[in-house]
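Written below as structure tokens is the structure these notes are about.
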Amino acid sequence: HNHPRDAGQMAVTQRECSSEKAKSAALSFMPILSWLPSYPVRKYLFSDVVSGLSTGVVQLPQGLAYAMLAAVPPVYGLYSSFYPVLLYTFFGTSRHISVGTFAVISLMIGGVAVREAPDSMYMNINATGSNASDAINVDSSMYESLLMCQLDFKCFCLLRFGFVAIYLTEPLVRGFTTAASMHVVISQLKYLLGVETQRYSGFLSAIYSVKAVLSRITSTNIATFLLGLGCIIFLYVIKVLNERFKKKLPIPIPGEIIVVIVSTSISYGLSLSKEYKVHVVGNIPTGLRPPAAPNISLLPNLVTDSFAIAIVGFSMDVSLAKIFALKHGYSVDGNQELIALGLCNFISSFFQTFAVTCSMSRSLVQESTGGKTQIAGLLASLLVLVVVVAIGFVFEPLPQTALAAIIMVNLIGMFKQFRDIPSLWRTSKIELAIWVIAFIASVLLGLDYGLLVAVTFAILTVIYRTQSPKSSILGHVANTGLYCDVDEYEEAAEYEGIKIFHSNSSIYFANSDLYVNSLKEKVVLCLYVSRDKQKPLLWGKYVKHLLSLGLNWLSLRGASRCKIMDLAQCLLVTAIPDCINNTKRPALQELKKQHMVPQSAAKGNRVITLLLQSLDS
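Residue numbers (this note's numbering): 518 to 1134.
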């Protein structure tokens, strides 16, 4: 029996262990609890304040602009620039990324909104803005589609569907985002020209949208076009100056907020909406709206869209977070980022926001202006809150063409990704194919199905690569311990009577045929034997040893077993005395189960080492 004192100590120990586990779980779920108590105020606060205000100044116009992409009233963009940013401060692990509205995600959300609630079902702000006060009365089906998209986003995040992001290779992401940028620019042409056209989504939507704009190009509003063109030129010049003098400027020149302030002032002073029929933002209600629950009946219609949005959002978040973490010497937790992004979207969705992820342009601003922690993001969200609850009405005369200009100029960096094509052509044709397929499929089929096609193609390339393993015959480089491919290195020489076959792949049903054929081809195995039928004749020489190197794993089931058995019988018939497989332990165990190697093969490394040493001597 245990002594009462020992039992008490065990109970105390168990409570301490439980307490430690609970504390560890809390710190993991809410990372802010681990760094906020030790936050160095004197060292970090000033930098975070400057960074937060700078990021908030960029967050405001982008929130308004990307709301147009999402096909919702501008105030929803402000909501989406407040709630998710605030929540990420508590749950995120990156110190530098700026969560909020993002062009690609906003466009994908807009496609969902247009499909589930076409223009005829909800708002239609005319050139005079006379019905701007009614614009906020969005049809419930559109609003519910936005909410359900985020609910489904959260479900995929909690179910850890982020593993699919593994197949979002860099060429795939860059091809996809380049195509998305084309969709975004095409969608903004009507705002830049001041024409009214139907919004399209889905298959060939980009082509239909361009056709619709071209059919109305004679109706271009000259005032709208000139104002938008001026904004584009100004923003581009500011972008170039910020890039050229980034080491000398304490903070980047806030070109976007300057455009918003100046264009709003011009619009208000000259009454552009009434006098020149320039489309403006319209009514922006003051204050925050109460939470509302969605109608789950729309869930079946949104599964595909939600999956695509979740995967794109998560991949953008994690990739950018890892870039900043590597640069500044800290680590990010991919699983926690998945949870954080899901919570940001799930909780915020009840407060009239649309799906968000991190933005590259804002993240660069937050990092380059000296941001040290997510306190900068918190301050940026509070700046947006001030606008929402106090001065949102100031932006009501803001021309939509100015917002279109902001969106277009922000995408210049995306179009530079076309430079990947010549580089990939020189380095990897398969990676180039992934880039091109992702781009073409996303342009023609829409972003959701385009992403599906791109991921499927990427998976097929993985299968192709495993089906086509690289194999070679190795030779010894004199006076060294190196064995290299005899086709690539002239210094590598083969031993008489020995073939050293190397393959860098595992054997399974899909590549067993290719493996056997490659082995026969490389070894030049001749089925004819000498007259005494005891030794095979290869290149006029006797092969006494065949060494198969580099085999990591094999599956001897079904077709693959038949192929390997055929090879073994072939080797037996041609009387090659030793077939030594210098393989990893799993492959050796599988061969021994099938009685295809002797027990001595368990020490294949030693056998081969001794054999080569004897040859050297």
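For each residue, glycine too, the CB sits at the ideal point set by N, CA and C.
All of these numbers come straight from a predicted model, not from anything done at the bench.
Using the rule of at least 16 other Cβ atoms within 10 Å of the residue's Cβ for burial, across every protein chain shown, is Leu544 buried or exposed?
-> exposed
Does the segment 885-899 touch the segment 568-576, meaning 3 or more C-beta pairs lie closer than 8 Å?
-> yes
If we count the other Cβ atoms within 10 Å of its Cβ and call it buried at 16 or more, is Glu633 buried or exposed?
-> buried
Leu969 to Asn818, Cα distance in whole Å?
-> 16 Å
With 16 as the cutoff for other CB atoms within 10 Å, does Gln883 come out buried or exposed?
-> buried
Which residues in the same chain have their Cβ closer than 8 Å to the Cβ of Lys756, if we skip the five residues on either side of it in sequence?
-> Gly772, Val926, Ile929
Alpha helix (DSSP H) segments (min. 4 residues) lying fully within the segment 960-997 | 964-984
Exposure label - Gly594; buried when at least 16 CB within 10 Å = buried
Around the Cβ of Asn1034, are there at least 16 other Cβ atoms within 10 angstroms (buried) or fewer (exposed)?
-> exposed
Which stretch, first to last residue, makes up the alpha helix (DSSP H) that contains Gly894?
-> 892-903
Could you tell me which uninterrupted alpha helix (DSSP H) segments, each at least 4 residues in length, are contained entirely in the segment 557-630, listed from first to last along the chain?
-> 558-586, 591-597, 600-608
What separation, rounded to the nearest whole angstrom, lies between the Cα atoms of Arg612 and Lys889?
-> 6 Å
Beta bridge counterpart(s) of Phe841 as assigned by DSSP | DSSP output for Phe841 lists no bridge partner at all.
In the DSSP assignment, find the beta strand (DSSP E) that holds Phe940 and state where it starts and stops.
-> Checking the displayed sequence, the identity of residue 940 turns out to be Ser instead of Phe. Not the beta strand (DSSP E): Ser940 falls in the alpha helix (DSSP H), residues 937-944.
Give the DSSP bridge partners of Pro916, in chain order.
-> Val797
Taking all protein chains shown into account, do 16 or more other C-beta atoms lie within 10 angstroms of the C-beta of Ile954, making it buried, or fewer, making it exposed?
-> buried
Could you say if the segment 853-868 and the segment 989-1001 meet the contact criterion of at least three C-beta pairs nearer than 8 Å?
-> no
So, helix, strand or coil for Asp1002, using DSSP?
-> strand
Per DSSP, which residues does Cys875 bridge with? Please list them.
-> Val616
Per DSSP, which residues does Ala1009 bridge with? Please list them.
-> Val994
Below 7 Å CB to CB, which residues in the same chain sit around Ala740 once its five sequence neighbours on both sides are set aside?
-> Leu789, Tyr793, Val795
Output the boundary residues of the alpha helix (DSSP H) element that contains Ile783.
-> 772-787
Measure how close the beta-carbons of Phe871 and Ile614 come, nearest whole angstrom, since I'm counting them as under 8 Å.
-> Not confirmed; about 18 Å, so no contact.
DSSP state of Lys728 mapped onto helix, strand, coil = helix
Given Thr997 as reference, the closest of Asp1004, Val1003, Ala1009, Phe619 once Cα atoms are compared = Ala1009
Assign Ala810 to one of three DSSP states: helix, strand, or coil.
-> coil
Count the CB pairs spanning the segment 898-907 and the segment 840-851 that are closer than 8 Å, and state whether there are at least three.
-> no
Could you check what DSSP says for Ala858 in three-state terms: helix, strand or coil?
-> According to the sequence displayed, residue 858 carries Leu and not Ala. Leu858: helix per DSSP, three-state reduction.
Can you tell me whether DSSP reads Met547 as helix, strand or coil?
-> coil
Hey, how far is the Cα of Asp834 from the Cα of Leu604?
-> 15 Å
Have a look at Asn1069 and Ile976 and give me their C-alpha separation to the nearest angstrom.
-> The pLDDT assigned to Asn1069 is 46, lower than 50, so where the model puts this residue is not dependable; a value taken from the coordinates is nonetheless given after this. Those two C-alpha atoms are separated by around 21 Å.
Rounded to a whole number of angstroms, what is the C-alpha to C-alpha distance between Lys839 and Gly859?
-> 18 Å
Beta carbon of Val690 nearer than 7 Å to that of Asp822 = no
Helix, strand or coil for Tyr717, going by three-state DSSP, please let me know.
-> coil
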